[in-house]
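Okay, structure first, notes after.
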Amino acid sequence: MTDIAPRATRVVASTGGRRRQRGGGPRARTIAAFLTPFFLPFVLFYLVPVGYAVWQSFLVVRRTGGQYGTSYTTFGGFEQYTKVFQNDEFWSSIGRIGLFGVVQVPVMLFVALIMALLLDTPLLKLKSFFRITAFMPYAVPGVIAAIMWSYLYSPQISPLVDGLKSVGLHPDFLGPGAVLWSAANVSTWLWTGYNMLIMFSALQSIPQELYEAAKLDGASNWTIAWQIKVPIIAPSIILTTVFSIIGTLQLYAEPAVLRQISSNISSTYTPNMLAYAVASGNNYQQAAAISVVIAVITFVLSFGFMRLTSKKAGL
Amino acid sequence: MALMFLLAIYFLLPVYFLIVAATKPQSDLASTNGLAFSHFDLFSNLSTLFSRSDGIFVKWALNSVIYAVLGAAVGTLISALCGYALAKFTFRGREFLFSVILGGVLVPTTALALPLFLLFSATGIVNTYLAVFLPSIVSPFGVYLARIFASAAVPEEILESARLDGAGEFRTFFSVAIRLMGPSLVTIFLFQFVAIWNNFFLPMVMLQKESLFPITLGLFEWNGQTARAPLLQESVITGSLVSIVPVIILFLLLQRFWRTGLASGALK
């Protein structure tokens, strides 16, 4: 044994470190030693960039004396934010992502919930097979999932398009009206099983006696599922919803891949793609303002949703 | 039951398609049925994939492994230390620190990537392994899980008796607590591994040098070139298969860790 830690504790003890109320807990310096390895990088790579983005978003680049003057950076107040809110591309990207989220998130979570409830009934066979197939996409990175699906969407290669053609349908998965839903399908494919597993794990930890009591009272499987199981696992449904909201607002990889084969996705299709496009045009202050707005919307939506639902669910 | 089978087909379809497509010669991709095997060319596709651009795919695979395995290992250790301290030590400001971390869970990581790029370019870290590795080790969600796991799995009495025996806090942590937390640490590791493995935006913002790319970014770049170089298609398909199959197998083998981890994570 190296004996470093106890000695350190003793030194701090002799200088009068604060004691824990109960038992011989560690002193401040020891606690700091436990926390620092996480907090140092957390501050450097989370808090500092957030602060830096906020600071950048209040700056503007101006030029002295017309187009050929030298440029200088100065405080611009809310100028960058005004620009963001006046930018049509920003609003259309928000609108797109809003539509995407309002449809995709409920569909995905509803399917996940149904699967979790079915897996939780004793009636279903081949449980582990179904659980494993649904969870498998979680191991597939978004980019690669989008590449896989893009081959299934592409008219030249896709067996799906061929199959639908043979029954007289001519789908255009990459058309202007459809491509958003093609991207939504990739997200649904990726995340349904993961959400299902969170709900299923919560279901599994409900004590069986609860169901027996309900059965004695004459409740059907259906009633037990919707009146007992769903309310009990409400916290995990809320958790999956919050994760899905965050995920939706961050959407980047899937539309970026589909953009490689579809002209119906612009370089500013989602808020994150817009931020990246603006940053690539060297307008970092404007990109920072967009990033801050995305972060604030994410925060407000997920936090607001948590507050709203946990009040309703009486938690 | 029928519904579950339909869903299972839905989840399996793209992977099945990928397996079939990876065994075909490029010329058969468009001309034969995508769901039926034709000429079996998997091995020549693999050798094309691995030899393309002086074997850059192997380099990408190694990079992905380095970023994800090393990043998740370091990340799990620091999350465990922090989560354990938050669960087991009482000190002033503890709840405040915990709420700051919880706030971190809600910060979209893609919104962090751009300001991080500016900070890193000022310090010259951009376009190095560190640019992707360093931000990856931070996982607020890992700390959140570690705190829950530590309160559940490490009984107060054991800590007290270790202290009475004169063990320092670090010795207690590394020889006692970490073993009790073992299965949950695997969960944290897996969560973080997947998050880094799947992360695409950060490496895309940080890296210009192809030799530093992870697989995701590399395949994305190739996929973008297929319009000009259609022969790349087969390598993109085979490369996608090579990159996902080992991970899928690993995950299915480790399933039981996920279940316990998800259960305790979701309930609190």
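In order, the protein sequences belong to chains A and B. Each residue of the first sequence is one higher than the one before, starting from 98 at the first, in the numbering used here. Each residue of the second sequence is one higher than the one before, starting from 606 at the first, in the numbering used here. For each residue, glycine too, the CB sits at the ideal point set by N, CA and C.
Contact belief for residue i with residue j at Cβ below 8 Å, rounded distance in angstroms
i, j, result
"Gln383/A", "Val375/A", "5 Å"
"Leu294/A", "Phe232/A", "6 Å"
"Ile461/A", "Phe187/A", "Nothing can be reported for residue 461/A, as the shown portion of chain A is limited to 98 through 412."
"Met403/A", "Ile335/A", "6 Å"
"Ser669/B", "Ile820/B", "5 Å"
"Leu220/A", "Met609/B", "Their Cβ separation, rounded to whole angstroms, is 11 Å, which puts Leu220/A and Met609/B out of contact at 8 Å."
"Thr715/B", "Asn184/A", "That pair is no contact at about 19 Å."
"Ala627/B", "Gly639/B", "In fact, because the Cβ distance is near 12 Å, the residues do not count as touching under 8 Å."
"Ile706/B", "Val748/B", "5 Å"
"Leu271/A", "Ser359/A", "4 Å"
"Val841/B", "Ile244/A", "6 Å"
"Pro234/A", "Gly290/A", "6 Å"
"Ala385/A", "Leu719/B", "7 Å"
"Leu355/A", "Val276/A", "6 Å"
Residue i versus residue j: straight-line alpha-carbon distance, rounded
i, j, result
"Phe862/B", "Gly698/B", "32 Å"
"Ala834/B", "Ala372/A", "29 Å"
"Phe806/B", "Leu837/B", "23 Å"
"Gly198/A", "Thr345/A", "6 Å"
"Pro630/B", "Leu651/B", "11 Å"
"Ala241/A", "Thr843/B", "In the sequence on display, residue 241/A carries Ile and not Ala. Each residue's alpha carbon lies about 11 Å from the other."
"Thr167/A", "Gly148/A", "28 Å"
"Ile362/A", "Ala353/A", "8 Å"
"Gly771/B", "Glu761/B", "16 Å"
"Val393/A", "Ile343/A", "11 Å"
"Arg776/B", "Leu691/B", "17 Å"
"Phe622/B", "Val208/A", "23 Å"
"Phe746/B", "Asn379/A", "33 Å"
"Phe856/B", "Leu795/B", "8 Å"
"Asn732/B", "Leu724/B", "13 Å"
"Leu617/B", "Ile853/B", "12 Å"
"Ile683/B", "Asn318/A", "45 Å"
"Val712/B", "Phe396/A", "7 Å"
"Arg124/A", "Phe694/B", "9 Å"
"Arg117/A", "Leu144/A", "Unreliable placement is indicated for Arg117/A, whose pLDDT of 43 sits below 50; no coordinate value is reported for it."
"Met811/B", "Glu176/A", "28 Å"
"Thr127/A", "Tyr672/B", "30 Å"
"Glu306/A", "Thr218/A", "15 Å"
"Ala767/B", "Phe131/A", "17 Å"
"Trp246/A", "Glu351/A", "10 Å"
"Ser780/B", "Val759/B", "12 Å"
"Val237/A", "Leu287/A", "7 Å"
"Ser636/B", "Gln357/A", "22 Å"
"Phe778/B", "Ala751/B", "13 Å"
"Ser632/B", "Val847/B", "20 Å"
"Gly401/A", "Phe648/B", "53 Å"
"Asp259/A", "Tyr250/A", "10 Å"
"Leu667/B", "Val737/B", "14 Å"
"Gly676/B", "Pro808/B", "14 Å"
"Asp314/A", "Tyr308/A", "10 Å"
"Arg159/A", "Tyr165/A", "11 Å"
DSSP bridge partner residues for residue i (one or two, in chain order)
i, result
"Thr171/A", "Val157/A"
Residue i Cβ short of 8 Å to the ligand PLP heavy atom set
i, result
"Leu611/B", "With respect to small molecules bound, the structure shown includes none, and the ligand PLP cannot be examined in it."
Amino acids of chain C, ordered along the chain, whose beta-carbon sits closer than 8 Å to that of residue i
i, result
"Met245/A", "Any reference to chain C falls outside this structure, whose protein chains are A and B."
(request) Report yes or no: do the region 792-801 of chain B and the region 323-339 of chain A share at least 3 C-beta pairs separated by less than 8 Å? (result) With the cut-off at 8 Å, the region 792-801 of chain B and the region 323-339 of chain A do not touch.
(request) Decide yes or no for the touch test of the region 191-203 of chain A against the region 248-263 of chain A: beta carbon pairs closer than 8 Å, at least 3 of them. (result) no
(message) Between the region 257-268 of chain A and the region 201-219 of chain A, can you find at least three pairs of beta-carbon atoms closer than 8 Å?
(response) no
(request) Count the CB pairs spanning the region 205-221 of chain A and the region 295-303 of chain A that are closer than 8 Å, and state whether there are at least three. (result) yes
(request) Evaluate contact between the region 131-139 of chain A and the region 680-687 of chain B, counting only Cβ atoms and requiring at least three cross-stretch pairs below 8 Å. (result) Enough Cβ pairs lie closer than 8 Å, so yes.
(request) Check distances from the C-beta atoms of the region 608-638 of chain B to those of chain A and list, in chain order, the residues that come in under 8 Å. (result) Leu608, Met609, Leu612, Ala613, Tyr615, Phe616, Leu617, Leu618, Pro619, Val620, Phe622, Leu623, Ala626, Leu634, Ala635, Asn638
(message) Pairs of beta-carbons, one from the region 755-766 of chain B and one from the region 774-790 of chain B, closer than 8 Å: are there three or more?
(response) Cβ pair count under 8 Å is three or more, so yes.
(message) Closer than 8 Å is the cut-off here; do at least three beta carbon pairs connect the region 315-324 of chain A with the region 271-281 of chain A?
(response) no
(message) Beta carbons nearer than 7 Å to chain A: which residues of the region 660-672 of chain B have them?
(response) none
(request) Residues of the region 702-736 of chain B with a CB closer than 9 Å to any CB of chain A: list them in chain order, please. (result) Leu702, Val705, Ile706, Gly708, Gly709, Val710, Leu711, Val712, Pro713, Thr714, Thr715, Ala716, Leu717, Ala718, Leu719, Pro720, Leu721, Phe722, Leu723, Leu724
(request) Note down, in chain order, all residues in the region 347-370 of chain A with a beta-carbon under 7 Å from any beta-carbon belonging to chain B. (result) Gln347, Tyr349, Ala350, Val354, Gln357, Asn369
(request) Report the residues of the region 643-658 of chain B with a CB closer than 7 Å to any CB of chain A, ordered along the chain. (result) none
(request) Determine which residues of the region 293-324 of chain A have a Cβ less than 9 Å from any Cβ of chain B, and write them out in chain order. (result) Cβ contacts with chain B: Leu294, Ile295, Met296, Phe297, Ser298, Ala299, Gln301, Ser302.
(message) Closer than 9 Å between beta carbons: that is the criterion. Which residues of the region 184-218 of chain A meet it against chain B?
(response) Those residues of the region 184-218 of chain A placed with their C-beta closer than 9 Å to a C-beta in chain B are Val208, Ile211, Met212, Leu215, Leu216, ordered along the chain.
(request) Output, in sequence order along the chain, the residues in the region 159-174 of chain A whose CB is closer than 8 Å to any CB in chain B. (result) none
(message) Short of 7 Å Cβ to Cβ, which residues in the region 809-828 of chain B face chain A?
(response) Within the region 809-828 of chain B, the residues whose Cβ lies closer than 7 Å to some Cβ of chain A are Thr821, Leu824, Phe825, Asn828, listed in chain order.
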